[in-house]
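Participant: Protein chains in written order, with this note's numbering: chain G, 30 to 243; chain V, 391 to 726.
All C-beta atoms, glycine included, are put in the ideal place defined by N, C-alpha and C.
Quantities reported herein were computed from a predicted structural model and do not represent experimental measurements.
Below is the structure I would like to discuss, written out as structure tokens.
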Amino acid sequence: MMPWSETRDIFYNGLWKQNPGIVQLLGLCPLLAVSNTVINALSLGLATTLVMAISSGSVAVIRNFIPNALRIPTFVLLIAVLVTIVTLVIQAYAQPLYLILGIFLPLITPTCIILARVEAFASKQPTVQSILDGIAMGLGLTAVLVALGALREVVGKGTLFSGFDLALGEIAKGWTVTVFPDYPGFLLAVLPPGAFFGLGLLIALRNLIQSRRA
Amino acid sequence: MSPTPSVTRIMTQVLWALLPGIAAHVWLFGPALLFSLVLCASFGLLFEAALLKARHYPLRPFLGDGTTLVTAALLALTLPTLLPWWLYAVGMLFATVVGKHLYGGLGQNTFNPAMLGFAVLIVSFPAQINVWPAPAALAAYSPSLGDAYDMIFAGARLPIDAFSAATPLDSLKTHLRAGHEASSLMAAQSIPTLQARDLVALLYLLGGLYLLARRIITWHIPVAFLGGIALTSGVLYGLDPAHQAGPFFHLLAGGTLLGAFFIATDPVSAANTPVGKLLYAGLAGLITVLIRSFGSFPDGVAFAILLMNSAAPLIDAYTQPKVFGHRRRHLPGDKP
């Protein structure tokens, strides 16, 4: 059994100290492309987290059998298999969501952050720690995605949590919160430039908090 | 740190040079421009003061240096009058906060702040922005100061067709899309607002010549910008006269003259070497005409200048003049 402090460090790393979204700046492609609403951000973040946890775990299991020269192709193949499974599952059980996320689901494969964690952590650490690291890093990315998604949704459309029914079915139909009634819409926030502005603001906010602490 | 007196002097001269154009605009299009000028200036000073405070800079010298006023004037002159007040606020927010202070404040901005604010608005609120008031003489109904106040602050919506008209570039685009030919359009004078806008544009030219005479700007950028526009539109017109407007139309239309003398010449965001200025402004002219002719937006001055703003540091790096006593130009990557 691993000590509690190690678990805590892994999660502190993933969620704050080495947050993939706003510190390592890895995984920017999905971060910028699908963070225009909370539901898009949340579902892509969770899908990535799932892939990261399983891929880190499986790489850690077989890490002693992978020839060093062939490790990168092996990792990528493994990740691609997992992403294909997740994509097919989402396509089967949440078809509307699949249509929205579209190309960005298969594009989880070449996301740098997954390969980076597999290479930097899972290929050198025991299995349980690697799974936890995948989860922590994935949740860190998801948190940034959701924050950015909420920011862009409120500024861009004046709503929050719209479209949850696409993922969860009829039950979530009434979850949409209209923050500003009669909002004229701020197209820039919904378009890709809004993602860059939002990400820049989030990084600035994190750096501010970090410098206040130090 | 405080802005040198010359910043204030230059900005005051620029404001004086804008006056004839502003006066003509007020005379021909009605007094609503005064509202947008005052609104942009007040919001600009407000955001500027807030950011100076947050960044621990002294308020008085920076607020009084005139740069915010010039940015506000340029934004107000490029936007339609009679928009709801918050659009001017959003424009100035992006101009001063994002365009200027996030890059490090006075003298540090990569992009021209006024054009950044304009681009944000035109991309984000196309429906609200594309309401260009017609010249007072031609409009079926000309809004008085009181009407202008109601429209800007109280959200009153007069029937748009009563006071607005498509700009020449707008109608050109619509007519071409409808399958008409550019030449017949020009001949039939179905671009009614051309003359009033021509006069305003020519007065911007006058103000620009004043700036040249006072040596606030050099000839390179205006000449290269107008040359780039004339050359590109001339070539396009020669290739396809049926679907292209000629160089004279492009030189007077839209933001060409205001851009050539007042916006592209921004000393901070433009290229600074003589050769660099020619390259920067010439390419901006080329891009302007390409956007007008083939893009989805009617005018391309703002986007062209912003694009070339981002290229200006690179252009400067490769066009450093030969230093006296050295054999050749100094290029990036050379040993010092």
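Count the other CB atoms, across all protein chains shown, that sit within 10 Å of the CB of V:A674; report buried if there are 16 or more and exposed otherwise.
Facilitator: The residue in question, V:A674, is buried, as its Cβ has 16 or more Cβ neighbours within 10 Å.
Participant: Label G:V118 either buried or exposed according to how many other C-beta atoms from any shown protein chain fall within 10 Å of its C-beta, with 16 as the threshold for buried.
Facilitator: Result: exposed.
Participant: Spatial neighbours of V:E571 within its chain, please: CB distance less than 8 Å, with the 5 preceding and 5 following residues excluded, ordered by chain position.
Facilitator: Taken in chain order, the residues that qualify are A632, H633.
Participant: Using Cβ-Cβ distances below 9 Å, what residues of the segment 512 to 526 of chain V are close to chain G?
Facilitator: So the close ones are V513, S514, F515, P516, A517, Q518.
Participant: How far does the alpha helix (DSSP H) with G:P124 in it extend, from its first residue to its last?
Facilitator: Looking at the sequence shown, residue 124 of chain G is not Pro but Gln. Its alpha helix (DSSP H) spans residues 124 to 130.
Participant: Quick one: what does DSSP say V:M391 is sitting in, helix, strand or coil?
Facilitator: With a pLDDT of 48 at V:M391, under the threshold of 50, the modelled position of this residue cannot be trusted, and the question is left open.
Participant: Scan the segment 425 to 484 of chain V and note each continuous alpha helix (DSSP H) run of 4 residues or more that stays entirely inside, going in chain order.
Facilitator: 449 to 453, 457 to 468, 475 to 482, all fully within the segment 425 to 484 of chain V.
Participant: Per DSSP, which residues does G:P210 bridge with? Please list them.
Facilitator: DSSP lists no partner for G:P210.
Participant: Please report whether the beta-carbon of G:F225 lies at a distance below 9 Å from any beta-carbon of chain V.
Facilitator: G:F225 does not count as touching chain V.
Participant: Is the Cβ of G:F209 closer than 9 Å to any Cβ of chain V?
Facilitator: G:F209 does not count as touching chain V.
Participant: Within 10 angstroms of the Cβ of G:A121, are there 16 or more other Cβ atoms? Answer buried if so, exposed if not.
Facilitator: Looking at its Cβ environment, which holds fewer than 16 other Cβ atoms inside 10 Å, G:A121 is exposed.
Participant: Rounded to whole angstroms, what's the CA-CA distance from G:I238 to G:W45? Just pull it up for me.
Facilitator: About 11 Å.
Participant: Mind checking if G:L231 is an interface residue toward chain V, Cβ cutoff 9 Å exclusive?
Facilitator: Output row for G:L231: interface = no.
Participant: Compare the C-alpha of V:A462 against each of V:H716, V:L472, V:Y478 and name the closest.
Facilitator: Ranking V:H716, V:L472, V:Y478 by Cα distance to V:A462 puts V:Y478 first.
Participant: For V:V487, which residues in chain G fall below 7 Å Cβ to Cβ?
Facilitator: Per Cβ cutoff of 7 Å: no residues; V:V487 is ~11 Å from chain G at best.
Participant: Could you check whether the Cβ of V:V510 sits closer than 9 Å to any Cβ belonging to chain G?
Facilitator: Yes, its Cβ sits closer than 9 Å to a Cβ of chain G.
Participant: List the DSSP bridge partners of G:L189.
Facilitator: In the DSSP output, where bridge partners are listed per residue, G:L189 has G:V206.
Participant: Using only the alpha-carbon positions, how far apart do V:F543 and G:P213 sit?
Facilitator: Cα to Cα, the separation comes out at about 16 Å.
Participant: Based on Cα-Cα distance, which residue from V:G420, V:A702, V:R682, V:A504 lies nearest to V:G489?
Facilitator: The option with the nearest alpha carbon to V:G489 is V:A504.
Participant: Is the shortest distance between the beta-carbon of G:L216 and the beta-carbons of chain V less than 9 Å?
Facilitator: So, interface residue.
Participant: Would you mind listing the alpha helix (DSSP H) stretches within the segment 94 to 177 of chain G that are 4+ residues and don't spill past its ends, in chain order?
Facilitator: Here the runs fully enclosed are 100 to 122, 124 to 130, 141 to 146.
Participant: Taking the C-alpha atoms as reference points, what is the distance between V:A568 and V:D560?
Facilitator: Cα to Cα, V:A568 sits roughly 12 Å from V:D560.
Participant: Select from V:L648, V:G617, V:Y539 the residue whose C-alpha is nearest the C-alpha of V:P637.
Facilitator: That would be V:G617, whose Cα lies nearest to the Cα of V:P637.
Participant: Can the beta-carbon of G:I51 be found closer than 9 Å to that of G:I232?
Facilitator: Against a cut-off of 9 Å, the Cβ pair of G:I232 and G:I51 comes out as a contact.
Participant: To which residues of the same chain is G:A70 closer than 6 Å at the C-beta, ignoring the five residues directly before and after it?
Facilitator: Contacts found: S64, L174, V175, G178.
Participant: Would you say G:P221 reaches chain B, if we count a Cβ-Cβ gap shorter than 9 Å as a contact?
Facilitator: Of the chains in the structure shown, none is chain B; the protein chains are G and V.
Participant: At what residue ranges does the segment 631 to 694 of chain V contain a whole run of the alpha helix (DSSP H), taking only runs of 4 or more?
Facilitator: Counting whole runs of 4 or more residues, the segment 631 to 694 of chain V contains the alpha helix (DSSP H) stretches 637 to 642, 664 to 684.
Participant: Let me confirm a value: V:H716 is counted as buried when at least 16 other C-beta atoms fall within 10 Å, else exposed. Which label applies?
Facilitator: The residue is exposed, with fewer than 16 neighbouring Cβ atoms inside 10 Å.
Participant: For V:P722, which three-state DSSP category applies?
Facilitator: Reduced to three states, the DSSP call for V:P722 is coil.
Participant: Mind checking who G:P49 pairs with in its DSSP beta bridge?
Facilitator: Its beta-bridge partners do not exist; DSSP assigns none.
Participant: Which residues in the same chain have their Cβ closer than 8 Å to the Cβ of V:V665, if we skip the five residues on either side of it in sequence?
Facilitator: Cβ within range, chain order: T709, P711.
Participant: Is DSSP giving V:P523 helix, strand or coil here?
Facilitator: Correct three-state label for V:P523: strand.
Participant: Does any residue of chain V bring its CB to less than 9 Å from the CB of G:P213?
Facilitator: Chain V, which has a Cβ nearer than 9 Å to the Cβ of G:P213, makes this yes.
Participant: Quick one: does V:V375 have its CB under 9 Å from some CB of chain G?
Facilitator: In the structure displayed, chain V extends from 391 to 726; residue 375 of chain V sits before or after that span and is not available.
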